[in-house]
Amino acid sequence: MRNILITGASRGIGAATARLFAEKGDNVYLNYRTEKQRAEQLAREIGGVAVYADVADSVQVAEMLKQLPGIDVLINNAGFAQFGFFDSLSDTDWHRMLDVTLSGAFYCSRGVLPHMIHQKSGAIVNVSSIWGITGAACEVAYSTAKAGLIGMTRALAKEVGPSGITVNCVAPGVIDTDMNATLDKETLTQLIEETPLGRLGTPEDIAKAIFYLAEQDSFITGQVLSPNGGIMI
Ligand code: NAD
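See the structure below:
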C-alpha cells in the first residue's frame, strides 16, 4: 500500500484526488490549512488521515512530515486564485502567491525526497494550470507561479530520475471548483463555449490524470499533461 500526501486536500481537486487514491487502495494523508473539519470528515470517509500545515511555511511543513511515514507519492496541489491588474499587485500578494505555489511545492518535495531516494522509487505530481503555459491577463502572479512549477517539474525530473523517481505536472483547464466561484455566469458560459468538449472540467477529471501520472514504475517523467477539454489545443 502506497503512502500518498496531497496538499490542499480538504476540497476541490485535492479532495477528489484523495477519494480516488483511497478507492484504489492507497493510504492517503490529506493536508489542510484552514478547513480542519472538512479535511477530517473526508479523511474519516475514505480511511485517510488529515494533517495540518500551511505549505508556505517551511517549519510547519517539516512538522507535518515528521508525523508521517515515508511518502511514496506527493501531490503538490495547494493553491489559490488571485485576480487584479499587474500594476496594482502588492508586495504581499505577489510573495504569498509564490510562497504557497512554488515554495510550498519546494518544501514538501524536499521533505519527502530522502525517503523516495532511499527506496529508489516514488512519484511527485505538481498541479500547475493552463495559465502557467499560456499566461492569463489579470492573473500574472498566478501564471508566473504556475509556470515556475512546470520549470521545477522538468528540472527535478532530470535530477531524481536516476533514483527511480518520476516528477510530472498536470495543467488543468477551467475546473468547476470553489476557486472559480467568483466567476460570473457570463464568463463561465463563454469559457464553456470556447471549450471543444462543451463543459467545464470536474475535480474527478483532474484526479484521474494525477492518478495516471503517479503510477508506479512509469516511464513518464518531466511531462506536463493538460486536461482542458480542448480549450488550449
Ligand atoms: P480549491 O480552492 O477548492 O482548493 C485549493 C485548496 O488548497 C484548498 O483546500 C485550500 O485550502 C488549499 N490551500 C490554499 N493555500 C494553502 C496553503 N498555504 N497550505 C495548504 N493548503 C492550502 O481549488 P481547486 O480548483 O481544487 O485548486 C486545486 C489546485 O488546482 C490549485 O493549485 C489550483 O491552482 C489548481 N488549478 C485549478 C483550476 C480550476 O479551474 N479550478 C485550474 C487549474 C489549476
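Counting with this note's numbering, you get residues 25 to 257 for the letters of the sequence shown. All C-beta atoms, glycine included, are put in the ideal place defined by N, C-alpha and C.
Could you tell me which residues DSSP puts in a beta bridge with residue i?
{"i": "Asn204", "result": "Bridge partners of Asn204: none, in fact."}
{"i": "Tyr236", "result": "Paired residues: none, contrary to the question."}
{"i": "Cys193", "result": "Asn150 and Val248"}
{"i": "Tyr76", "result": "Tyr56"}
{"i": "Ile99", "result": "Ile30 and Val149"}
{"i": "Ile271", "result": "Residue 271 is absent from the model: the chain starts at 25 and stops at 257."}
Here's the rule: buried if 16 or more other CB atoms are within 10 angstroms of the residue's CB, otherwise exposed. What is residue i?
{"i": "Ile30", "result": "buried"}
{"i": "Ile154", "result": "buried"}
{"i": "Ser242", "result": "exposed"}
{"i": "Ser167", "result": "buried"}
{"i": "Val83", "result": "exposed"}
{"i": "Ile244", "result": "exposed"}
{"i": "Gly49", "result": "exposed"}
{"i": "Thr206", "result": "exposed"}
{"i": "Met176", "result": "buried"}
{"i": "Pro251", "result": "buried"}
{"i": "Gly71", "result": "exposed"}
{"i": "Ser152", "result": "buried"}
{"i": "Gly94", "result": "exposed"}
{"i": "Glu163", "result": "buried"}
{"i": "Asp229", "result": "buried"}
{"i": "Gly197", "result": "buried"}
{"i": "Thr116", "result": "exposed"}
{"i": "Ala179", "result": "exposed"}
Within 8 Å: the Cβ of residue i and any heavy atom of the ligand NAD?
{"i": "Glu218", "result": "no"}
{"i": "Trp118", "result": "no"}
{"i": "Ser114", "result": "no"}
{"i": "Ile28", "result": "no"}
{"i": "Asp241", "result": "no"}
{"i": "Ala42", "result": "no"}
{"i": "Phe130", "result": "no"}
{"i": "Glu163", "result": "no"}
{"i": "Gly225", "result": "yes"}
{"i": "Glu59", "result": "yes"}
{"i": "Asp208", "result": "no"}
{"i": "Met176", "result": "no"}
{"i": "Val198", "result": "yes"}
{"i": "Lys170", "result": "yes"}
{"i": "Asn204", "result": "yes"}
{"i": "Gly36", "result": "yes"}
{"i": "Tyr236", "result": "no"}
{"i": "Ser152", "result": "yes"}
{"i": "Phe104", "result": "yes"}
{"i": "Ala67", "result": "no"}
{"i": "Tyr53", "result": "no"}
{"i": "Gly32", "result": "yes"}
{"i": "Ile157", "result": "no"}
Taking 9 Å as the threshold (beta carbon to beta carbon), is residue i in contact with chain C?
{"i": "Ile255", "result": "Of the protein chains in the structure, only one exists, and it is not chain C."}
My guess is that residue i and residue j are in contact by the Cβ rule of under 8 Å, so how many angstroms apart are they, rounded?
{"i": "Gly36", "j": "Asp202", "result": "6 Å"}
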